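> Residue numbers (the numbering used here): -11 to 343.
Please find one structure pasted underneath; my questions will follow.
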Ligand code: DAS
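This is how it looks when you write it as structure tokens:
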């Protein structure tokens, strides 16, 4: 009797499974590149939120600790580095940027998440924003508490970052930073607190959106050029030009500028007080640096606002560049990449108004 119905049962089974397959959305392929940091950190007790060891947990264990990842993406992991991010170097950035571009050129990679220490996360994010040659999502994520802590933020931050990297809406918006349920732009985000969960902010220019209930919500997108619009190419680079930062404060003198120039700096970022003001005692050293061919960029230690050209100094006469709204650490990154293309100060000023 069953033999009569077997073909029908088989037909029904095939039809439902086909329907089920067609109903179930295909998950994006997301690669997690791990570099270390607090998100991979461990402490002696569950209440150790300072004085822990960063960069001890492997990428596989980070992924295994969040089984929910399998619901939002097909996740694979690579341990690129295992360092506290205060030890990030130009060489690390070149290695990471080249790996990201190699992976994103593969059709079976839909997005990338980079787990990273929070101390220099904003810098790595901005560097990648200028050198990634793809519109596919690249999301940097960290944590403010080590993996062993009560209410560790790493697992939910990683889940949100993978979900964001798997989201079609995240494509073409430049490199993104996702902590604390917020989506920030690589160019403008900065760490504003030494230890709290909401340390990553974009104080005046604003975050891009939120991640809530396993979904990404965008409300704005970056204006400045990034990723596929960028003129910078690191594929053939083995090093980056030596650019250093000098800090402005009451009573500052020329020693730091002179020392950096003696060490072979090709660019000086001056993190000045206020609107990038130059103390009279520093100006001769900066002029001498420019005369030796170094590019001098006026930035501000203040943190927000436009650095006005020909405001606190006659940049046209001094042949200096101004950083626009980039903080000193990000101005350094743009100047390093600019110097791989040109030594022309007017061309470099154009770049600071474009990226
Ligand atoms: N030392 C910090 C770093 O690796 C730890 C962290 O906050 O991630 O950036």
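We put the beta carbon where it would ideally sit given N, CA and C, even for glycine.
As the structure is a prediction and not an experimental result, all values here were calculated from the model.
When you compare the CB positions of residue 105 and residue 142, do they come within less than 9 Å of one another, or not?
no
> Nearest-angstrom Cα distance between residue 251 and residue 206?
The straight-line gap from Cα to Cα measures roughly 45 Å.
> For residue 46, which residues from the same chain have a beta carbon less than 7 Å from its beta carbon, with the 5 sequence-adjacent residues on both sides left out?
67
> Could you give the C-beta distance for residue 187 and residue 132, rounded to a whole number, given that I count them as a contact under 8 Å?
6 Å
> Do residue 171 and residue 158 have their C-beta atoms within less than 9 Å of each other?
The answer is yes: Cβ separation under 9 Å.
> Does the count of Cβ pairs from the segment 220 to 231 and the segment 321 to 337 closer than 8 Å reach three?
Flag = yes, the segment 220 to 231 and the segment 321 to 337 touch.
> Return yes when at least one heavy atom of the ligand DAS lies under 8 Å from the C-beta of residue 79, else no.
no
> With distances taken between CB atoms, is the gap from residue 88 to residue 120 smaller than 9 Å?
yes
> Examine the ligand DAS and report whether any of its heavy atoms sits within less than 8 Å of the Cβ of residue 109.
Within the cutoff, so yes.
> According to DSSP, is residue 69 part of a helix, a strand, or is it coil?
strand
> List, from N- to C-terminal side, the beta strand (DSSP E) runs of 3 residues or more that fit wholly inside the segment 195 to 252.
197 to 200, 203 to 206, 231 to 235
> For residue 30, is the beta carbon positioned less than 8 Å from some heavy atom of the ligand DAS?
no
> Is it buried or exposed, residue 49, if we count other Cβ atoms within 10 angstroms and call 16 or more buried?
exposed
> What is the rounded straight-line gap between the Cα of residue 136 and the Cα of residue 221?
39 Å
> Under the rule that 16 or more other beta-carbon atoms within 10 Å means buried, what is residue 145, buried or exposed?
buried
> Which whole-angstrom value describes the C-beta separation of residue 309 and residue 283, a residue pair presumed to lie in contact below a C-beta threshold of 8 Å?
6 Å
> Alpha carbon to alpha carbon, how far is residue 138 from residue 291? Give it in angstroms, no decimals.
32 Å
> Throw me the rounded Cβ distance for the residue 175 and residue 117 pair, which I believe falls under 8 Å.
6 Å
> The beta strand (DSSP E) with residue 78 in it runs from where to where?
Premise fails: residue 78 lies in the alpha helix (DSSP H), 78 to 92, not in any beta strand (DSSP E).
> Rounded to whole angstroms, what is the Cα-Cα separation between residue 36 and residue 110?
Cα to Cα, the separation comes out at about 25 Å.
> Mind checking who residue 150 pairs with in its DSSP beta bridge?
In DSSP, residue 150 forms no bridge with anything.
> Going by beta carbon distance, what residues of the same chain come within less than 6 Å of residue 190, once the five residues before and after it are set aside?
Around residue 190: 172, 176, 177.
> Return the first residue and the last residue of the beta strand (DSSP E) that residue 17 is part of.
Here the beta strand (DSSP E) through residue 17 covers 16 to 24.
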